[in-house]
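Numbering (my numbering), first residue to last: 343 to 612. Glycine included, each C-beta is placed from N, C-alpha and C at the ideal position.
Spelled out as structure tokens, the structure:
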């Protein structure tokens with residue numbers, strides 16, 4: 343006599359339960375304490391040349407391995423006190439970031455006299471997109487089209503500046519600086535308030551033209567008095583971004599920019 347459907351389901355549940363119990367016992371028998379799990383950490387040594395006095399050199403993990411933000415963006419962050427995952431120790435003419443866990447890091451320098459330099463690369467905007475290096479190149483035609491589109495579009499911010507372009511023949515990403523230094527809704531609580539933020543925008547090639555994706559990646563957002571904002575130099579350098587830390591320590595030689603030549607892109611006093 344064949345078992346009924348109800349009886350077969352009961353037997354199947356019994357086998358699944360027995361399998362789960364066996365697996366749990368096996369894992370318990372082979373369990374390794376967390377502190378004994380194999381882990382590693384590495385150092386980044388940065389030898390800095392140039393005349394700009396550095397107050398702080400640190401490393402920040404903005405993105406995980408899939409390009410998702412590691413932490414939420416603080417809408418009231420301060421330009422002069424970024425959240426860093428590690429702060430370097432000065433050792434002679436070098437700065438050493440010790441015991442960094444595996445991951446993708448951007449270096450950030452804070453200099454005397456309201457100077458900040460951030461490393462960056464182009465994190466994925468859409469799901470399953472790759473990273474692009476900050477110094478990757480796009481065609482002149484594509485770049486011109488995207489830049490014109492950004493400048494011709496209406497924005498809440500009164501200063502919207504495309505800083506760097508990167509990608510390939512199907513995707514263009516743009517590091518964009520957005521500033522609002524006109525009166526805002528913050529005036530009641532913070533007279534003279536201004537905002538600055540940086541985002542990664544993406545344009546995708548479709549049907550013979552470039553289309554801006556709705557989704558963006560926000561790197562930061564700061565609020566400060568507009569007079570203070572106008573005194574800051576906040577620049578971006580792809581040479582300090584997208585540093586992948588694994589088992590091996592890394593050494594970097596970095597030439598500080600000549601601020602008077604404005605070779606790096608970003609915010610200059612105005």
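- Comparing C-alpha distances from residue 557 to each of 548, 466, 578 shows the shortest one belongs to 466.
- Under the three-state reduction of DSSP, residue 581 is assigned to helix.
- Taking the C-beta atoms as reference points, residue 542 is found no nearer than 7 angstroms to residue 386.
- The residue from 455, 502, 395 with its alpha-carbon nearest to that of residue 436 is 395.
- Under the three-state reduction of DSSP, residue 576 is assigned to strand.
- For the pair residue 470 and residue 512, the Cα-to-Cα distance works out to about 14 angstroms.
- Between the alpha carbons of residue 398 and residue 464 lies a gap of roughly 24 angstroms.
- Its Cα nearest to that of residue 496, the residue 520 stands out among 475, 520, 584.
- For residue 460, the enclosing beta strand (DSSP E) starts and ends at 457-461.
- Exposed is the label assigned to residue 612, since fewer than 16 other Cβ atoms lie within 10 Å of its Cβ.
- By the beta-carbon neighbour count (other beta carbons within 10 angstroms, threshold 16), residue 525 is exposed.
- Separation of residue 400 and residue 579 (C-alpha to C-alpha, rounded to the nearest whole angstrom) is 14 angstroms.
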